[in-house]
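Worksheet: one structure, shown below.
There are 2 protein chains.
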Amino acid sequence: MGEFELIRHYFAAAPCAQGGEGVALGIGDDGALLDLSPGEQLAISTDTLVAGVHFPESCDPFLLGQRALGVSVSDLAAMGATPIGFTLAITLPNADAAWLQAFASGLDRMAQACAIRLIGGDTTRGPLSLTLSVFGRVPSGMALTRGGAQEGDLLCVGGDLGDAAGALPLVLGQREAPAAIAEPLLARYWAPQPQLALGQALRGNATAALDISDGLLADCGHIATASQVALQIDQARVPLSAALIALAGQEAALHYALAGGDDYLLAFTLPVARLLDMQAAGWPVRVIGRVVAGVGVQLLDADGLEIRPPRSGYQHFGLSSD
Amino acid sequence: MGEFELIRHYFAAAPCAQGGEGVALGIGDDGALLDLSPGEQLAISTDTLVAGVHFPESCDPFLLGQRALGVSVSDLAAMGATPIGFTLAITLPNADAAWLQAFASGLDRMAQACAIRLIGGDTTRGPLSLTLSVFGRVPSGMALTRGGAQEGDLLCVGGDLGDAAGALPLVLGQREAPAAIAEPLLARYWAPQPQLALGQALRGNATAALDISDGLLADCGHIATASQVALQIDQARVPLSAALIALAGQEAALHYALAGGDDYLLAFTLPVARLLDMQAAGWPVRVIGRVVAGVGVQLLDADGLEIRPPRSGYQHFGLSSD
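Sequence lines, in order, name chains A and B.
Here the working numbering runs 279 ahead of the position in the first sequence, where the first position is 1.
Here the working numbering runs 279 ahead of the position in the second sequence, where the first position is 1.
Spelled out as structure tokens, the structure:
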């Protein structure tokens, strides 16, 4: 048995590769088999992470495994789907047992948190990269898309923005900070928590939704385009964490929140009545603006005047936004 | 819009990315949505192809697109599934319009032949590699697996073996041959035709099945292990094409068929009664051996005596079997 064949057996034996609701056949055959219940659709999303582009080549493998799966599952949250399984296609320059064990542990940790199972994939030799496809179930016709925002809806997000982008200098070792500041920010970068429960609660309530990966302004642009509306963001309403402000100051923190990325929190549009229902039920819904007629995204100051936005689009890990 | 954003729009506009039965939502949102009919399961398979490992870096992009999808869809054939859609995660060192157009044309050609739609994926910058996930439907409980071969079943394959492995010296420009010999062999390498109709016809008939990617001996070993039986192969029954024999001679042709790979034809086990039904219906079923008690794979000569098999496992493109 070759070393890469051994890796395949290693992943097949991982706790997150065992059983799972909806998984009729897992790793080890020509493919996997999933079951859906009548009246359900299957949601599918695929993400690739390349060493040196999306993460530092030398990064901690446990954190990488945890983050890679969290980033991917966040797309299921954005669709309002319930996770079933994922495939992992991993390309590695060599088979390093300690690295793989740590990577698989991180993957397992996030799989546990998201109740998702490893159902297949591929292991190949080459420059380090990961492609994960995630699969979830959603009641037919109820998936959240980017295309339904209506004039008069409120624009909302699921929590404080900019923390992961603000953590990047810490991740890269370019800065240091006291643990009370660094730890919560690093956790937002390395252990993104897909807002699965919120996404499911938004089904039938939100008119449009996505997860913020490219930065608030860029991703709101995606909703605006798909919905053929304009989105107004009140700059003063953009939620910022105390840790990010302590690290970067108010101005830079706002910049990270608007033009950074890697938040993996939901942005969505809600009719006013639905907002009240969601807030009454205790969901973490932060209103940051509204849907109006027009095109594109407008950033407004406290007087409702348009501000020139910072250059949008996140330069992942400083190399490119691809 | 960045150049990689343009590539995404380019794939989204490809003919194979439009519509499709069972595709409720295609490219352009956080994920795709698939519909299954009641009583169906979803079959999923993932393959990664890395430049310099699985294909020459400088190979024709049309042929690469065609081959990459054919190789992946072959796993659906092996499960007896009907294709619905696929995702393409492509990592590219740069955005070369002519290369991409040719690649997408090859992909489109194979997608047309397999009636499968491009439903999503990812485009990233980095060393050239492709990860395709394919999705198909199969009646619940009817998918072909590797695990059901029974003593007394016959071992069969879906056509001539070894052509693609034998074509490799032609692919790499290490050999030349007259067109009448080279063309059919190169076609078997660059345009593998997934045996979808055969796979579907085998549902309820075959007791085990897979597609031959690692070489006949290695892949029969997978059936033997999963089914906890032994497989006997009569060497004289292994089907070889006239073109392969003309190129390589009888002995090397047999070696390619046994220990080569990249055939992407089905190998399967059939009860005798089912074999007669399949042959009567005109399916291309070639009997090459039988299932017996025991473990592993035995290669037999014309007198039924065991022959020491050639070293099995295909060294893809001469670098590794991963």
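For glycine and all other residues, C-beta sits at the position ideal for the given N, C-alpha and C.
Computed from a predicted model, the values in this text were never measured in an experiment.
According to DSSP, simplified to helix, strand and coil, what is B/D416? For this step, residue 416 of chain B is matched to residue 137 along the second sequence. First, the residue type needs correcting, since residue 416 of chain B is Arg and not Asp in the sequence shown. In this structure, B/R416 counts as strand in the three-state DSSP scheme.
Any Cβ of chain A within less than 9 Å of the Cβ of B/G310? Within the second sequence, the letter at position 31 stands for residue 310 of chain B. Judged by the 9 Å Cβ criterion, B/G310 is in contact with chain A.
Does DSSP classify A/C435 as helix, strand or coil? Residue numbering aside, residue 435 of chain A sits at position 156 when the first sequence is read from its first letter. If DSSP states are grouped into helix, strand and coil, A/C435 belongs with the strands.
DSSP state of B/P448, grouped into three classes? Taking the first residue of the second sequence as position 1, residue 448 of chain B is located at position 169. In this structure, B/P448 counts as helix in the three-state DSSP scheme.
Buried or exposed: where does A/N373 fall if 16 or more other Cβ atoms within 10 Å of its Cβ makes it buried? Here residue 373 of chain A corresponds to residue number 94 of the first sequence, with the count starting at 1. So A/N373 ends up on the exposed side.
Please classify A/A296 as buried or exposed, where buried requires at least 16 other C-beta atoms within 10 Å of its C-beta. Numbered from 1 along the first sequence, position 17 holds the residue referred to as residue 296 of chain A. Flag for A/A296 reads buried.
Inter-residue spacing [alpha-carbon to alpha-carbon] between B/L451 and B/S337: The residue given as residue 451 of chain B occupies position 172 in the second sequence. The residue given as residue 337 of chain B occupies position 58 in the second sequence. Their Cα atoms are separated by approximately 10 Å.
Between the region 434–449 of chain B and the region 355–365 of chain A, do three or more beta carbon pairs fall short of 8 Å? no
Taking the alpha carbon of A/D639 as the reference point, which residue from A/G364, A/Q514 and A/V564 has its own alpha carbon closest? Absent from the structure is residue 639 of chain A, since the part of chain A shown begins at 280 and ends at 601.
Residues in its own chain within less than 6 Å of B/I369 by CB, not counting five upstream and five downstream? Your numbering for residue 369 of chain B matches position 90 in the second sequence. Taken in chain order, the residues that qualify are T402 and L409.
Can you say whether A/R587 is buried or exposed, counting buried as having 16 or more other CB atoms within 10 angstroms of its CB? If you number the first sequence from 1, residue 587 of chain A lands on position 308. Exposed.
Give the single residue among B/S351, B/L449, B/A560 and B/D542 whose Cα lies nearest to the Cα of B/P518. As a first step, residue 518 of chain B must be located in the second sequence, where it is residue number 239. Among B/S351, B/L449, B/A560 and B/D542, the Cα nearest to that of B/P518 belongs to B/D542.
May I have the straight-line CA-CA distance separating B/A532 from B/L523, to the nearest angstrom? Numbered from 1 along the second sequence, position 253 holds the residue referred to as residue 532 of chain B. Numbered from 1 along the second sequence, position 244 holds the residue referred to as residue 523 of chain B. Their Cα atoms are separated by approximately 6 Å.
Is A/L407 near the ligand GTP, going by C-beta to nearest heavy atom under 8 Å? For the ligand GTP, the structure offers nothing, since it holds no ligand at all.
Tell me where the beta strand (DSSP E) around B/I567 begins and ends. To locate residue 567 of chain B, count along the second sequence from 1; it is residue 288. Per DSSP, B/I567 belongs to the beta strand (DSSP E) from R565 to V571.
Residue burial classification, A/P473 (beta-carbon count within 10 angstroms, cutoff 16): Counting from 1 along the first sequence, the entry for residue 473 of chain A is found at position 194. It counts as buried.
Starting from A/T504, trace the alpha helix (DSSP H) in both directions and tell me its first and last residue. Here residue 504 of chain A corresponds to residue number 225 of the first sequence, with the count starting at 1. Unbroken alpha helix (DSSP H) run through A/T504: L495 to S506.
For A/P406 and chain B, any beta-carbon pair shorter than 9 Å? Taking the first sequence and counting its residues from 1, the one referred to as residue 406 of chain A is at position 127. Yes - at least one Cβ of chain B is within 9 Å of the one on A/P406.
Taking Cβ-Cβ distances shorter than 7 Å, what residues in chain A pair up with B/G539? What you label residue 539 of chain B is simply residue 260 of the second sequence in a count that begins at 1. Per Cβ cutoff of 7 Å: no residues; B/G539 is ~17 Å from chain A at best.
Measuring straight from C-alpha to C-alpha, what distance separates B/F547 and B/A466? By 1-based counting over the second sequence, the position of residue 547 of chain B is 268. By 1-based counting over the second sequence, the position of residue 466 of chain B is 187. Approximately 24 Å, taken between the alpha carbons.
Assuming contact is defined by CB atoms lying nearer than 9 Å, are B/L537 and B/L495 in contact in what I supplied? Within the second sequence, the letter at position 258 stands for residue 537 of chain B. Within the second sequence, the letter at position 216 stands for residue 495 of chain B. Yes, they are a contact pair.
Does A/I603 come within less than 9 Å of chain B when only Cβ atoms are used? In the structure as shown, chain A begins at 280 and stops at 601. Residue 603 of chain A is therefore absent and cannot be evaluated.
Neighbouring residues, chain A, relative to B/P372 (Cβ below 7 Å): Along the second sequence, one-based indexing puts residue 372 of chain B at 93. The premise fails here: B/P372 is roughly 11 Å from chain A at the closest Cβ pair, so nothing lies under 7 Å.
Would you decide whether B/A444 is buried or exposed? Buried here means 16 or more other CB atoms lie within 10 Å of its CB. Position 165 of the second sequence, counted from the start, is the residue given in the question as residue 444 of chain B. Its Cβ being crowded by 16 or more others within 10 Å, B/A444 is buried.
Could you work out which residues of chain B lie near A/R425, taking near to mean beta carbons separated by less than 9 Å? Against the first sequence, residue 425 of chain A aligns to sequence position 146. Within chain B, the residues near A/R425 are G307, D308 and D309.
Output, in chain order, the set of chain B residues within a Cβ distance shorter than 8 Å of A/L304. Your numbering for residue 304 of chain A matches position 25 in the first sequence. Under the 8 Å cutoff, chain B gives A422 and T424.
Contacts around B/Q558, its chain only, beta-carbon distance under 7 Å, and the 5 residues preceding and following it disregarded: Taking the second sequence and counting its residues from 1, the one referred to as residue 558 of chain B is at position 279. V564.
Under 7 Å by beta carbon: chain B residues contacting A/M358: The residue given as residue 358 of chain A occupies position 79 in the first sequence. The answer, in chain order, is D309 and G310.
My guess is that A/T487 and A/S506 are in contact by the Cβ rule of under 8 Å, so how many angstroms apart are they, rounded? In the first sequence, counting from the first residue as 1, residue 487 of chain A sits at position 208. In the first sequence, counting from the first residue as 1, residue 506 of chain A sits at position 227. Reading the sequence as shown, one finds Ala at residue 487 of chain A and not Thr. Confirmed, about 5 Å.
Would A/D314 count as contacting chain B if we go by Cβ distances under 9 Å? Here residue 314 of chain A refers to the residue found at position 35 of the first sequence. Judged by the 9 Å Cβ criterion, A/D314 is in contact with chain B.
Residues that B/P317 contacts on chain A, provided the C-beta gap is smaller than 7 Å: Numbered from 1 along the second sequence, position 38 holds the residue referred to as residue 317 of chain B. Neighbours of B/P317 on chain A, chain order: P317.
Can you list, in chain order, the residues of its chain whose CB lies under 8 Å from that of A/Q429, leaving out five sequence neighbours each side? Position 150 of the first sequence, counted from the first residue, corresponds to residue 429 of chain A. If we look at A/Q429 and ignore the five residues flanking it on each side, its Cβ neighbours are T486, S506, V508, T548, P550 and V570.
Proximity test, Cβ basis, 9 Å: B/S600 and chain A: Your numbering for residue 600 of chain B matches position 321 in the second sequence. Confidence at B/S600 is low in this model, with a pLDDT of 40, below 50, so the placement of that residue should be treated as unreliable; the coordinate-derived value is given next. It does: the Cβ of B/S600 has a partner Cβ on chain A nearer than 9 Å.
Between which two residues does the beta strand (DSSP E) holding B/I369 run? Position 90 of the second sequence holds residue 369 of chain B. T361 to L371 is the extent of the beta strand (DSSP E) around B/I369.
Which chain A residues are close to B/G400, counting only those with a beta carbon under 7 Å from its beta carbon? One-based indexing of the second sequence puts residue 400 of chain B at position 121. Under the 7 Å cutoff, chain A gives T325.
Note the first and the last residue of the continuous beta strand (DSSP E) segment covering A/G400. Counting from one through the first sequence, the residue named residue 400 of chain A turns up at place 121. That run of the beta strand (DSSP E) goes R396 to R404.
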